[in-house]
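The structure appears right after this line, and notes come after that.
There are 2 protein chains.
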Amino acid sequence: MNIKPVAAFEPPYYTVVFTSVRADAPEGYDETAQRMDELVQEVPGFLGQESARTPGGLGITIGYFRDAESIAAWKRNMEHRTAQGRGRAEWYDSYSVHVAKVERSYGFVRD
Amino acid sequence: MNIKPVAAFEPPYYTVVFTSVRADAPEGYDETAQRMDELVQEVPGFLGQESARTPGGLGITIGYFRDAESIAAWKRNMEHRTAQGRGRAEWYDSYSVHVAKVERSYGFVRD
Numbered sequence: 669m670n671i672k673p674v675a676a677f678e679p680p681y682y683t684v685v686f687t688s689v690r691a692d693a694p695e696g697y698d699e700t701a702q703r704m705d706e707l708v709q710e711v712p713g714f715l716g717q718e719s720a721r722t723p724g725g726l727g728i729t730i731g732y733f734r735d736a737e738s739i740a741a742w743k744r745n746m747e748h749r750t751a752q753g754r755g756r757a758e759w760y761d762s763y764s765v766h767v768a769k770v771e772r773s774y775g776f777v778r779d
Numbered sequence: 669m670n671i672k673p674v675a676a677f678e679p680p681y682y683t684v685v686f687t688s689v690r691a692d693a694p695e696g697y698d699e700t701a702q703r704m705d706e707l708v709q710e711v712p713g714f715l716g717q718e719s720a721r722t723p724g725g726l727g728i729t730i731g732y733f734r735d736a737e738s739i740a741a742w743k744r745n746m747e748h749r750t751a752q753g754r755g756r757a758e759w760y761d762s763y764s765v766h767v768a769k770v771e772r773s774y775g776f777v778r779d
């Protein structure tokens, strides 16, 4: 298989867990999500991101960042703030955000 | 919508991010995954868990635990260890594990 999970980096680094429930394909969502996926890659200290969604509508996005400052920079981004506001106003029924410092990490790749 | 993401708890607590790529429905996987879902709920300090998978085969599971000791207890569980061994031997092409202490959390629920 060609796809791989984002690798386990050398701690410390940060992970931002964003879990959400939203309506199916609401207006403007896909374009904004795609723009955010591009924009976050410009943030210094951004390490990677991965997302998945259940058929029932629960979405999980994990972002990986070098340090707290890189998360703060992403949080300050005005285009991101506008998207977040629209998310609360229009798209999401509920979400949770967990900002966490990675203390231990490991990975496995089949030979 | 009735489904909700696991709530943002009061920090500190821990999140274990498990991302993996595996073949579609390999033998024995579903039964074991379901058994692990039940078993982890008996671990003192287990707070919750949620999973999603992309059509491409990337799976994300997030576990939430009260403290490092509750994660250690789950790691020591013999049935869990056996399942992990089988995962490496048979099911997974690759995986990453990130064990992280939550420093900040928040949530949103539409009125």
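Residue numbers (my numbering), protein chains in the order written: chain S, 669 to 779; chain Y, 669 to 779. Glycine included, C-beta positions come from ideal geometry on N, C-alpha and C. Predicted model, so just to flag it, every value in this text is computed and none were measured.
Are Ile730 (chain S) and Ile728 (chain Y) touching if we call contact CB-CB under 8 Å? Counted from its first residue, the first sequence places residue 730 (chain S) at position 62. Counted from its first residue, the second sequence places residue 728 (chain Y) at position 60. Yes, Cβ-Cβ distance for Ile730 (chain S) and Ile728 (chain Y) is below 8 Å.
Within the chosen definition, does the segment 753-764 of chain S reach the segment 683-694 of chain S through at least 3 CB pairs nearer than 8 Å? yes
Kindly indicate which three-state DSSP category Asp698 (chain S) falls into: helix, strand or coil? Taking the first sequence and counting its residues from 1, one reaches residue 698 (chain S) at position 30. In this structure, Asp698 (chain S) counts as helix in the three-state DSSP scheme.
Measuring CB atoms only, is the segment 760-777 of chain Y touching the segment 711-720 of chain Y, in the sense that at least three cross pairs come out at less than 8 Å? no
Could you check whether the Cβ of Arg721 (chain S) sits closer than 8 Å to any Cβ belonging to chain C? Chain labels in this structure do not include chain C; the protein chains are S and Y.
Quick check on DSSP: helix, strand or coil for Arg703 (chain S)? Numbered from 1 along the first sequence, position 35 holds the residue referred to as residue 703 (chain S). DSSP places Arg703 (chain S) in helix when its eight states are reduced to three.
Does the segment 695-708 of chain S come close enough to the segment 739-748 of chain S to have 3 or more Cβ pairs within less than 8 Å? yes
Would Gly775 (chain Y) count as contacting chain S if we go by Cβ distances under 8 Å? Within the second sequence, numbered from 1, the residue matching residue 775 (chain Y) stands at position 107. Yes, because at least one Cβ of chain S sits closer than 8 Å to the Cβ of Gly775 (chain Y).
Measuring alpha carbon to alpha carbon, tell me which of S:Val684, S:Asp779, S:His766 ends up nearest Ala676 (chain Y). On the second sequence, position 8 is the one that residue 676 (chain Y) refers to. Ranking S:Val684, S:Asp779, S:His766 by Cα distance to Ala676 (chain Y) puts S:His766 first.
How about Lys672 (chain Y) and Ser762 (chain S): do their beta carbons lie closer than 8 Å? The count along the second sequence starts at 1 and reaches residue 672 (chain Y) at position 4. The count along the first sequence starts at 1 and reaches residue 762 (chain S) at position 94. In contact: Lys672 (chain Y) and Ser762 (chain S) (Cβ atoms closer than 8 Å).
Around the Cβ of Arg778 (chain Y), are there at least 16 other Cβ atoms within 10 angstroms (buried) or fewer (exposed)? Here the question's residue 778 (chain Y) lines up with position 110 in the second sequence. Exposed, by the Cβ-count rule.
Could you pull the DSSP bridge partners for Val685 (chain S) from this structure? Position 17 of the first sequence, counted from the first residue, corresponds to residue 685 (chain S). Val685 (chain S) pairs with S:Ile730, S:His766.
Where Pro694 (chain S) meets chain Y, residues with beta-carbon distance less than 9 Å: Numbered from its first residue, the first sequence carries residue 694 (chain S) at position 26. Listed along the chain, the chain Y residues whose CB falls inside 9 Å of the CB of Pro694 (chain S) amount to none; the nearest CB is some 12 Å away.
Which listed residue (S:Trp759, S:Thr722, S:Pro680, S:Arg734) has its alpha carbon closest to that of Asp698 (chain S): If you number the first sequence from 1, residue 698 (chain S) lands on position 30. Among S:Trp759, S:Thr722, S:Pro680, S:Arg734, the Cα nearest to that of Asp698 (chain S) is on S:Trp759.
Give the residues of chain S in contact with Val767 (chain Y), contact being defined as C-beta atoms less than 8 Å apart. Start at 1 with the first residue of the second sequence, and residue 767 (chain Y) comes out as number 99. What Val767 (chain Y) touches in chain S: Val770, Glu771, Arg772, Ser773.
For chain S, find out if any of its Cβ atoms is closer than 8 Å to the Cβ of Gly731 (chain Y); answer yes or no. Start at 1 with the first residue of the second sequence, and residue 731 (chain Y) comes out as number 63. So, not an interface residue.
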